[in-house]
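Residue numbers (our numbering), protein chains in the order written: chain A, 1 to 333; chain B, 1 to 333; chain C, 1 to 333.
The next block holds one structure in the form of structure tokens; read it before the comments.
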Amino acid sequence: MKNFITTENWSKNELQDILDYAKDLKINRFQKTLKNKSIGLLFFNPSMRTRTSFEIGIKELGGFAVVLQPGKDAWPIEFKLNSIMDNDTEEHIIEVAKVLSEYCDLIAIRAFPKFQNLEEDFSDNLINSFAKYSSVPVVNMETITHPCQELAHILTMQENLGDLTGKDYLLTWTYHPKPLNTAVANSSLLIASKFGMNIKLLCPSEKYILHEKYITAAKQNCKSNNMSFEITHDIDYGYAYADIVYAKSWGSLSFYGNPEEEKIIRDDYKHFIVDGHKMSKTNNALFSHCLPLRRNIKATDEVMDANYCVAIQEAGNRMHVQKSMLSTLLKEK
Amino acid sequence: MKNFITTENWSKNELQDILDYAKDLKINRFQKTLKNKSIGLLFFNPSMRTRTSFEIGIKELGGFAVVLQPGKDAWPIEFKLNSIMDNDTEEHIIEVAKVLSEYCDLIAIRAFPKFQNLEEDFSDNLINSFAKYSSVPVVNMETITHPCQELAHILTMQENLGDLTGKDYLLTWTYHPKPLNTAVANSSLLIASKFGMNIKLLCPSEKYILHEKYITAAKQNCKSNNMSFEITHDIDYGYAYADIVYAKSWGSLSFYGNPEEEKIIRDDYKHFIVDGHKMSKTNNALFSHCLPLRRNIKATDEVMDANYCVAIQEAGNRMHVQKSMLSTLLKEK
Amino acid sequence: MKNFITTENWSKNELQDILDYAKDLKINRFQKTLKNKSIGLLFFNPSMRTRTSFEIGIKELGGFAVVLQPGKDAWPIEFKLNSIMDNDTEEHIIEVAKVLSEYCDLIAIRAFPKFQNLEEDFSDNLINSFAKYSSVPVVNMETITHPCQELAHILTMQENLGDLTGKDYLLTWTYHPKPLNTAVANSSLLIASKFGMNIKLLCPSEKYILHEKYITAAKQNCKSNNMSFEITHDIDYGYAYADIVYAKSWGSLSFYGNPEEEKIIRDDYKHFIVDGHKMSKTNNALFSHCLPLRRNIKATDEVMDANYCVAIQEAGNRMHVQKSMLSTLLKEK
Chain A
1 MKNFITTENW SKNELQDILD YAKDLKINRF QKTLKNKSIG LLFFNPSMRT RTSFEIGIKE
61 LGGFAVVLQP GKDAWPIEFK LNSIMDNDTE EHIIEVAKVL SEYCDLIAIR AFPKFQNLEE
121 DFSDNLINSF AKYSSVPVVN METITHPCQE LAHILTMQEN LGDLTGKDYL LTWTYHPKPL
181 NTAVANSSLL IASKFGMNIK LLCPSEKYIL HEKYITAAKQ NCKSNNMSFE ITHDIDYGYA
241 YADIVYAKSW GSLSFYGNPE EEKIIRDDYK HFIVDGHKMS KTNNALFSHC LPLRRNIKAT
301 DEVMDANYCV AIQEAGNRMH VQKSMLSTLL KEK
Chain B
1 MKNFITTENW SKNELQDILD YAKDLKINRF QKTLKNKSIG LLFFNPSMRT RTSFEIGIKE
61 LGGFAVVLQP GKDAWPIEFK LNSIMDNDTE EHIIEVAKVL SEYCDLIAIR AFPKFQNLEE
121 DFSDNLINSF AKYSSVPVVN METITHPCQE LAHILTMQEN LGDLTGKDYL LTWTYHPKPL
181 NTAVANSSLL IASKFGMNIK LLCPSEKYIL HEKYITAAKQ NCKSNNMSFE ITHDIDYGYA
241 YADIVYAKSW GSLSFYGNPE EEKIIRDDYK HFIVDGHKMS KTNNALFSHC LPLRRNIKAT
301 DEVMDANYCV AIQEAGNRMH VQKSMLSTLL KEK
Chain C
1 MKNFITTENW SKNELQDILD YAKDLKINRF QKTLKNKSIG LLFFNPSMRT RTSFEIGIKE
61 LGGFAVVLQP GKDAWPIEFK LNSIMDNDTE EHIIEVAKVL SEYCDLIAIR AFPKFQNLEE
121 DFSDNLINSF AKYSSVPVVN METITHPCQE LAHILTMQEN LGDLTGKDYL LTWTYHPKPL
181 NTAVANSSLL IASKFGMNIK LLCPSEKYIL HEKYITAAKQ NCKSNNMSFE ITHDIDYGYA
241 YADIVYAKSW GSLSFYGNPE EEKIIRDDYK HFIVDGHKMS KTNNALFSHC LPLRRNIKAT
301 DEVMDANYCV AIQEAGNRMH VQKSMLSTLL KEK
């Protein structure tokens, strides 16, 4: 039985198989690969794209999705072992995971970091606890990484550029008024490096470098693929010759849990917005973003409305890659 | 591709076709007209009847409904073009509509007026923006009009009275402690006039006359059908000889966005409640209301429990007309 | 047409038929007994197990579940007859029940007591009002009793112990920081006595004895089955020779609606926690609990992780007994 918690546990070939089947499902949408399968979708955080694409995708494969929102529709959950539960939590993850495993054939989970304790957030404890006690496969719908977005991102680039090996890939930080989750940025590094591209990570300063865990993993992937990995704070250098520009805003890890303090330095970096001028320095690059996106803050209308913007296509591909991935997991099971 | 945003864009014949097929579906409930179709139901406001009737109706036709509640389950949405999105909204309608169009075959929307800016509310901007950027049909589940209720209302009257041409139709304002949306009242005027009835609009004073837009449209319909259109503040005159009494409470447009000020004059009009005495002045009229209804405030128990009350039948018909309308839209598409 | 509001209205044989068919459905999960049936699930209170098991179970039988949360997704409802509805409620139960009956083939309801008025809570007025005005069967998903849990509980014990006649059954109060609903405790007495067991009710003091209504019913059942019924406050005596230990926390009826006052005496009874030492005094008893359960407060990790703990099995059985019960109700209809 395999989980889909992080692409780090999946080889490039295994992922390419999922992508290839997704291309297939994009043409032949209605299949029976999830027939008589019930899938629990647990949202600890709100969602539009993810929920809609999972619900419809599961339905199109003959399966059934149940949406649960713990702490809202359901009880708050305890994750610590041996805890004396005299606080707010009403049920332990052991029971939650085991009971859901009685009803569901697969459990998918969205649980954003809480921005209080960096170490805890980067341990991805919540979804790993589910995986530990569940007897059915567990799928990540965004925690500290966002592997479904990774698949959609790669599929979209392959559809537009063919083989990605040797392409120049830019992940650029962009401005947002609040510190956001690093998940998509972490995922961008993991997957772009795994698929054999040269990577530049562009961010305002050392304070915005992503977590060592993902930098190290990306460097290793690039090294074994004979590709380069660079971190830069120079916007012109970052965009130069890029084949792909992927933008994402994230909160500085140096000010983790201190949004007010970070705000002071963050507001100096509004010029990281992706605009037509910056895009003109690239090698006719594709632009994408995982959405939602604040227009004229993260990227200009010009960029969003340009032909080179594939964000909508990438969002649409979410459904196809998820259908493929779920079919794969439940077939293997 | 056609939307179902307002019945003003549909001819009487086209609407009658929807009603006739609804009568059919009421007998032969289970069809495959929505097979492999996914329909996004976006609720910016709460709902019981609408959500249940859409969800079950879609299912009965082989389709699949996804319920989304933007700003609750999902992100707050920006509707202004070229906006610099540095405020609360996290995503632009352009992306929302385009992405949902990737997943769904049709998007249905409930979005009540916000009672802050009359002009904005009556422009019906939210649903029209969705229609502009969506590549799939858009359906109105109540905004500043309520066209699904219109269809259910007409079907119910036809079931009880046959041809409606020349019938005397009374739309009466009724009391409610809070100022309510004019949607069903606007819709009542539009549809009763389109189906060839003589119309009386009964309301407490000039301050409670409905928006010019709908008065004008209703007058024009009545004129081209050679029927009368009258506005009256005289309860006895309003009820006299009516064949149909439709009741609705709404907030005064003269005090738009000022519920406290309106409350002072509104509370003088509690006697507009629909009661047995008033109904006895009619031509054995049917009574209906769109529900929800506060008993003994908007209408008495006597009226609600009378045989001439067809409110439950009208509510039940919501499902059948919606199934017919959705089938029509997706067939045409 | 039959409702499933309380097992008091069902004979042991009728319930055993439901249990036997549930055993069948546990092996042959996918049937068509609810084909073309739509079931409204009304949650006035949050739920995880119940919602998931109902939604998936209904789906596995070819039916369709619509989840509604009145007062959250939908309007607050009035339950008093002849009420002048000038308060918060926007719709009367008469209309709610009749309209839902237009759309749904069965209505299931969760409505916990409000802990304000003991008499009102124990009259089970809300669900009985629905049953009065609904034209379709009404099912209890937990009010002042929890008959679905009863079925799951009995099925689980039968699976482990075979015939339950003459077994020694202990219902023990256990500690929880807040006063909880007595529903599962009431249900435990009703069903254990109906299925022919000797019953001990163990609770800290006279103040924690359950409502006379359920004590009387259980005593009568025990009497007609020639079994014993005892109330004890002595922990050692309670556990001695038990074949089954069922634990539940509930609020004292003597302090109904006064959680602060009750807290003072309640906190003296933390030692009622189910632990390995207590379980060692039994006749190798099974342990169960309806979940959610606060570990190391209501029962220790040792008990929860022991082989004799069948709480997960009981939770899993919820789905099977519910599928059987719904099939029975809609077949009879």
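Built from N, CA and C at the ideal position, the CB exists for glycine as well.
Because the structure is a prediction, the values reported are computed rather than measured.
- Put simply, the backbone Cα of Gly-57(A) is about 9 Å away from that of Gly-63(A).
- Around Asn-296(B), the beta-carbon contacts reaching into chain C at under 9 Å are Asn-82, Ser-83, Ile-84, Met-85 and Asp-86.
- Against chain B, the CB of Ser-53(A) has a partner CB under 9 Å away; the residue lies at that interface.
- Annotation: Ser-187(B) to Asn-140(A) spans about 46 Å, alpha carbon to alpha carbon.
- No Cβ of chain B is located within less than 9 Å of the beta carbon of Ala-111(A).
- At a cut-off of 9 Å, the C-beta of Thr-33(A) has no neighbouring C-beta in chain C.
- Pairing Ile-84(B) with Pro-292(A), the inter-Cα distance amounts to about 14 Å.
- Residues of chain A with a Cβ closer than 8 Å to the Cβ of Val-303(B) do not exist, since the nearest Cβ in that chain sits about 38 Å away.
- Sixteen is the threshold: since fewer than 16 other Cβ atoms of the shown chains lie within 10 Å of the Cβ of Asp-234(A), the residue is exposed.
- Counting only the Cα atoms, Ser-249(B) lies some 13 Å from Asn-296(B).
- With contact defined as three or more Cβ pairs closer than 8 Å, the region 263-280 of chain C and the region 198-217 of chain C are in contact.
- Met-48(B) is positioned such that its CB atom lies closer than 9 Å to that of Val-99(C).
- The Cβ atoms of Phe-122(C) and Pro-259(C) do not sit closer than 9 Å to each other.
- Straight through space, the alpha carbons of Thr-232(B) and Phe-79(B) are spaced by roughly 38 Å.
- For His-92(A), at least one C-beta of chain C is nearer than 9 Å to its own C-beta.
- For Arg-294(C), the CB contacts under 7 Å within the same chain, skipping 5 residues up- and downstream, are His-176 in chain order.
- Going by beta carbons, Gly-238(C) and Thr-172(C) fall inside the 9 Å limit.
- Nearest Cα to Leu-19(A) within the set Leu-330(A), Lys-331(A), Leu-329(A) and Met-325(A): Met-325(A).
- Under the DSSP assignment, Arg-49(A) falls in the alpha helix (DSSP H) whose first and last residues are 49-60.
- Look at the region 259-287 of chain B and you find these whole runs of alpha helix (DSSP H), each 4 residues long or longer: 259-266 and 276-280.
- When Cβ-Cβ separations below 9 Å define contact, Leu-106(A) makes no contact with chain C.
- Taking 9 Å as the CB threshold, Arg-266(A) stays off the interface with chain B.
- Using beta-carbon distances, Pro-137(C) does not count as an interface residue toward chain B, since no partner is under 9 Å.
- Within a 10 Å sphere around the beta-carbon of Tyr-241(A) sit fewer than 16 other beta-carbons, which makes this residue exposed.
- Three or more beta-carbon pairs separated by less than 8 Å are not found between the region 121-135 of chain B and the region 279-289 of chain B, which leaves the two stretches without contact.
- Assigned with DSSP and collapsed to three states, Phe-255(B) falls in helix.
- Chain-ordered, the chain B residues with CB closer than 9 Å to the CB of Ala-315(A) read Glu-95, Lys-98, Val-99, Glu-102 and Tyr-103.
- Boundaries of the alpha helix (DSSP H) harbouring Thr-156(A): 147-161, taken from the DSSP string.
- Under DSSP, the beta-bridge partners assigned to Trp-173(B) are Lys-248(B).
- Of the candidates Ser-38(A), Ser-53(A) and Leu-61(A), the residue whose Cα lies closest to the Cα of Ser-53(C) is Ser-38(A).
- Counted as a single uninterrupted DSSP element, the alpha helix (DSSP H) harbouring Gly-238(C) occupies residues 235-239.
- In the structure shown, the three-state DSSP call for Phe-4(C) is strand.
- In the three-state reduction of the DSSP assignment, Cys-222(C) falls in the helix class, which pools H, G and I.
- A straight-line Cα-Cα distance of about 13 Å links Glu-159(B) and His-320(B).
- Residue burial annotation: Ser-11(A) is exposed, with fewer than 16 other C-beta atoms found within 10 angstroms of its C-beta.
- With its beta carbon less than 9 Å from one in chain B, Gly-40(C) belongs to the interface.
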